[in-house]
Amino acid sequence: MTTFLTETTTGGPALPQELRLVTEVPGPRSRELQARKSAAVAQGVGTTLPVYIAAAGGGVLVDVDGNSLIDLGSGIAVTTVGNSAPRVVTAVQEQAAAFTHTCFMVTPYESYVAVAEALNRLTPGDHQKRSALFNSGAEAVENAVKIARSYTKKSAVVVFDHAYHGRTNLTMAMTAKNMPYKSGFGPFASDVYRAPLSYPYRDSGIDGAAAAARAIDVIEKQVGAENLAAVVIEPIQGEGGFIVPADGFLAGLVDWCRVNNVVFVADEVQTGFARTGAMFACDHEGVVPDLIVSAKGIAGGLPLSAVTGRAEIMDAAHGGGLGGTYGGNPLACAAALAVIETIESDGLVERAAAIGDLMVDRLKTLAARDDRIGDIRGRGAMIAVELVKAGTNEPDPDLTKRVAAAAHARGVIVLTCGTYGNVLRFLPPLAISDALLAQACDILDDVFEETR
Ligand SMILES: *Cc1c(COP(=O)(O)O)cnc(C)c1O
C-alpha cells in the first residue's frame with residue numbers, strides 16, 4: 001500500500017526545454033544577489049556559477065534574469081529524476097499537508113519503513129538486509145563506520161587515494177584532497193588509512209587484480225586485518241575525478257574483506273540511484289558490498305541518506321545507537337518513494353545508459369581532433385573528460401577552468417573535479433531531452449575550439 005504515492009504520471013516538465021540567454025551570464029539580478037551573498041553568507045561557502053535560480057525542471061535551470069540554462073550538473077548528481085519532478089512534487093505537497101515531522105525515533109511513520117524496504121530490495125545482493133536513514137551523505141558514511149566498528153569490534157578504516165567522503169570531522173579524515181576540503185580544519189579523526197587506488201589512465205597498465213593486490217599489500221603492512229573494521233570505497237570516484245577502477249579491482253578487495261572479517265562499504269552517494277546506468281554502480285561488476293551508502297539522487301533534492309546492508313552487520317549497533325532528530329524526515333521519505341517509483345516506471349536506468357552512449361560518442365569525436373582530452377571515462381550519465389597539456393598526460397587545471405567558464409558563459413552548466421582539478425564532469429538530469437543534450441555537446445565543441 002502506497003498511500004503517500006499518487007497516480008500522477010510524468011506530465012513532462014512544464015518549463016520550455018530550451019537554452020535561452022537574455023542577459024550575460026550571470027545577469028544583473030544575479031549579480032545583485034551575489035553582492036548580498038558576499039555581505040551575508042560566510043565566504044567559505046562557495047558558488048560554482050553565481051546565477052540565482054528561480055525555477056528548474058527537465059534539463060533546464062531558469063535564473064532570476066530570465067535565462068534558461070542547460071543543466072549538466074543536477075546539483076551535483078542529486079536531481080537525477082529531474083528538478084521538481086512531478087511525482088516528487090505531489091508526494092511532498094501531500095506529505096507537507098499531512099505532517100512535516102514527528103521524529104522517527106519518537107513516533108514513527110510508514111514511509112520511513114517503506115524507504116528501508118525499497119533500499120533493501122534495490123541494493124546489490126539478495127541476502128537479508130536492514131537500512132537506517134540519515135540526512136546527508138557524510139552523516140551516512142559516518143554511520144556506516146560506526147556500524148562496521150560495532151560489528152567487528154575493530155576500529156581502523158581504510159580509504160583510497162582521491163577519495164571523497166564528505167566534510168564532517170571523520171569524513172574529512174577519509175577524504176583525500178587537502179584544498180579545499182581539509183586545509184586548516186584539523187586535527188582529523190584518527191585510525192583512518194589510505195591505500196592506493198586503481199586509476200587506469202595514470203596506472204600504466206596495472207590491471208584490476210594487480211591494483212587490488214597492491215592496495216591489499218599496503219593494508220596488510222600498514223594497518224593489519226586484525227585492526228581493520230572497514231574498507232570504504234566509491235565504486236566510481238566522484239569528486240576525485242570520475243575514476244572507474246580497472247575490472248577486478250573492487251572484486252579483489254571484496255574477496256579479501258570477506259576472508260578477513262572486514263566490512264566492505266561502498267560509498268554510492270554519487271553513483272547510486274540509476275546515475276551510472278545501473279541502479280547502483282556495484283551492479284556493473286556484480287560486486288555485493290556488505291554495507292552500501294546512498295544519498296544525493298535518492299530523494300530528488302530533499303535531504304536524505306541511508307546505510308543499507310547485511311542484517312547481521314546492521315543489527316550489531318545497540319538500540320538507540322543510531323539515529324538523529326531529522327533522519328528519514330517524512331518529506332524526504334515521501335520524495336524518495338516518488339523518486340524510486342519514477343526511476344522504475346520511467347525506465348531511468350536505461351535512460352542513464354542511453355545518455356552515456358550519446359555523450360561518449362560526441363566526446364570521442366571531439367577527442368579525436370583535440371589531444372588536450374587525455375581520457376574519457378565514466379558510466380551512464382556520469383561521464384568526464386580529463387584535460388591535459390596537449391600530447392602529454394600532464395594535468396591542465398587551467399584549461400579546465402577556462403573551458404568550464406566558457407561553457408557557463410554560453411549557458412551550459414558543467415562542473416569540474418579531480419585531485420588535479422583537471423576533470424570536466426557531466427551529470428545531466430535523466431529528464432533532459434536528447435535535443436538539449438546534443439545542443440550542450442555542440443556548445444562544448446565550440447568552447448574547446450575557442451580555448452585553443
Ligand atoms: C557528495 C558525497 C558525499 C557527501 O555527501 P553530503 O550529502 O554532501 O554530505 C559522500 N560521498 C560521496 C561519494 C559523495 O559524492
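Heads up, the sequence shown is in the UniProt record's numbering, so the first residue is 1 and it goes up one at a time. Glycine included, each C-beta is placed from N, C-alpha and C at the ideal position.
Note: Pro395 is bridge-paired with Val388 in the DSSP secondary-structure output. Shown here, Met105 sits in coil according to DSSP, grouped into three states, outside any helix or strand.
Beta-bridge pairing by DSSP links Phe134 to Ser305.
In the DSSP annotation of this structure, the continuous segment of the beta strand (DSSP E) that includes Val159 starts and ends at Ala156 to Phe160. Under the three-state reduction of DSSP, Gly378 is assigned to strand. Relative to ligand 1, Gly238 has its C-beta within less than 7 angstroms of a heavy atom. Shown here, Gly208 sits in a helix according to DSSP, grouped into three states.
In chain order, Pro200, Ile236, Arg377, Gly378 and Arg379 place their CB closer than 8 angstroms to the CB of Val244, counting only its own chain and leaving out the 5 sequence neighbours on each side.
Considering only Gly301, Gly44, Gly411 and Leu291, the residue with the shortest C-alpha distance to Arg258 is Leu291. His165 has its CB nearer than 7 angstroms to a heavy atom of ligand 1.
Between the region 162 to 176 and the region 248 to 257, the count of Cβ pairs shorter than 8 angstroms is below three; the stretches do not touch.
For the pair Leu399 and Thr365, the CB atoms are not nearer than the 8 angstroms cut-off. Assignment of Gly356 by DSSP, reduced to helix, strand and coil, places it in the helix class.
Proximity of the beta carbon of Asp161 to ligand 1 is not indicated: no heavy atom of the ligand is located closer than 7 angstroms.
Check the Cα spacing between Gly374 and each of Thr392, Lys401, Tyr420 and Arg425: the tightest is with Thr392. Close CB contacts of Ala144 within its chain, under the 6 angstroms cut and outside five residues either way in sequence, are with Val265, Leu291, Val293 and Val307 (chain order). Take Tyr109, set aside five residues on each side of it, and the residues of its chain with a beta-carbon closer than 7 angstroms to its own are Thr102 and Pro330, in chain order. When the five nearest sequence neighbours on each side are left out, the beta carbons in the same chain lying within less than 8 angstroms of the beta carbon of Asn67 are those of Arg20, Leu21, Val22, Thr23, Val25, Gly27, Val51 and Gly411, in order along the chain.
The Cβ atoms of Ile355 and Leu430 sit closer than 8 angstroms to each other. It is roughly 32 angstroms from the alpha-carbon of Leu228 to the alpha-carbon of Ala299. According to the DSSP assignment, Val423 belongs to no alpha helix (DSSP H) but to the beta strand (DSSP E) extending over Val423 to Phe426.
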